[in-house]
Structure formats: C-alpha cells, structure tokens
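What follows is one structure encoded as structure tokens, with my remarks underneath.
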Amino acid sequence: PLLADTLEGEALLAAGRHEAALAAFDRVGDGVDDEGEAHTSHGVAADKAVALAALGRHGEAADVLLDGLRGAGGMDVHVGTLVDQLDRAGRPLTELVHAVPSDRAVAFLGQLGNLDSLVADRVLEAWYAEAPSPAVLATAAYVAAGLPLERLVTWAQRLRAADLGHACLLVPTAAGGAR
Numbered sequence: 158p159l160l161a162d163t164l165e166g167e168a169l170l171a172a173g174r175h176e177a178a179l180a181a182f183d184r185v186g187d188g189v190d191d192e193g194e195a196h197t198s199h200g201v202a203a204d205k206a207v208a209l210a211a212l213g214r215h216g217e218a219a220d221v222l223l224d225g226l227r228g229a230g231g232m233d234v235h236v237g238t239l240v241d242q243l244d245r246a247g248r249p250l251t252e253l254v255h256a257v258p259s260d261r262a263v264a265f266l267g268q269l270g271n272l273d274s275l276v277a278d279r280v281l282e283a284w285y286a287e288a289p290s291p292a293v294l295a296t297a298a299y300v301a302a303g304l305p306l307e308r309l310v311t312w313a314q315r316l317r318a319a320d321l322g323h324a325c326l327l328v329p330t331a332a333g334g335a336r
C-alpha cells in the first residue's frame, strides 16, 4: 500500500483535494512496496508541504520540510519554498540553519544562489549569526552583486575581516564593473 498511498496522495493533490491528499500521505511510512521499491515519509514531504500550504497551514508545512531536511539531509523542493513557509508562519530563518546537517551545509549554501538576492541575503544573515564560516561568506560574496549598497558593505567588511577580501565585490562595484 505504500506506492498506492503515495500515488493516491499525488492524484488528490493534483485534484485540489488537499485534506484527502494529506490523509493519503500520512499513511506513507518507511518500508518496501510489493515491487521492492523503498518508500519513506521523507519521500512525500514536498507534496505534503504543498497540501499543508494550500490549506494555510504554513507552520506545519515548514515543519514537514525541516523534518525532511534533518532526516534525509535534503529536500525534494526548492529552498525558496521552505523560506516562504517559514516567513508565512512568522518563524525565524535560523530554523533552516539548524536543520541542515553540518556535513551538508556547503552543498545547501550553494543552492542559495538560486534565490532572489534579497531573500538569499536574509538566509545568509541568519546563517552567519548562528554559524559563521568561510562557506557562508563565499556564498554571500556570490549573491552580493544583487544587493543594495548597505548590505554589500556589510558583507564586504565581513569578508575582509576573514581575510577573504579578494572575494569582495565592493571595489568592482564602486568602479562600476560588478553591478
């Protein structure tokens, strides 16, 4: 029934029957179906979060995605979806930072470049406050070109303080080249 419950949940979600989809996804646990395919609750986390979000249950949607991140070390959904759900629930982005397994931090930080620069900046600020690292600074240097000058200066100061001034976009921006 694992595969059947997953497929039923997906069909109900596509039909806009969000409560029924949640019920189907809640039946999916960890196990192997009749055809030998492994299924886990993490495998339906993204769809479950979509259903919860559609019902206005943003905190629960964030919890599902955070649990998947903690348990599986990743998410089967764009990082912006988790940021959006945390924002809509009025929760801090530090929850995202704490959910990322330390051995996955660099890979996860790399995904932040796919976000709008201002959104990525907010996530990076939370990350820097909780766990400053060269990887956080390098990611900030990457997204800094799209930030307002005030934020660019903040990251420039941090980069220089960490002896990473070579990655700072302040001088090229001031010269008109990076923006």
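Last residue of the sequence shown: number 336 in the working numbering, and the count goes up by one each step with no gaps.
The C-beta atom is built at its ideal place from N, Cα and C for all residues, glycine as well.
A distance below 7 Å between beta-carbons, with the five flanking residues on each side excluded, links LEU316 to the following residues of its chain, in chain order: LEU294, ALA298, GLY322, ALA324 and CYS325. Residue pairing by DSSP places HIS196 opposite GLY188 in a beta bridge.
The C-beta distance from HIS196 to LEU159 rounds to 4 Å, short enough to fall under 8 Å. Spatial neighbours of VAL276 in its own chain (CB-CB distance under 8 Å, excluding positions within 5 residues in sequence) are listed in chain order as GLY237 and VAL240. DSSP places GLY216 inside the alpha helix (DSSP H), whose first and last residues are 215-229. For the options ALA208, HIS235, TRP312 and ARG184, the alpha carbon positioned closest to that of ARG174 is the one of ALA208. For VAL263, the enclosing alpha helix (DSSP H) covers residues 262-268. If you draw a 10 Å sphere on the C-beta of ASP183, you find fewer than 16 other C-beta atoms in it, and that means exposed. Within 10 angstroms of the beta-carbon of VAL201 lie 16 or more other beta-carbons, which makes it buried. Listed in chain order, the non-local C-beta contacts of LEU179 below 6 Å within the same chain comprise ALA208, local neighbours out to five positions each way being set aside. Leaving aside the five residues that flank GLN268 on each side, the residues in its chain whose CB is nearer than 7 Å to its CB run, in chain order, VAL236. Using a Cβ distance threshold of 9 Å, GLU176 and LEU212 count as a contacting pair. For PRO291, the uninterrupted alpha helix (DSSP H) segment begins and ends at 291-300.
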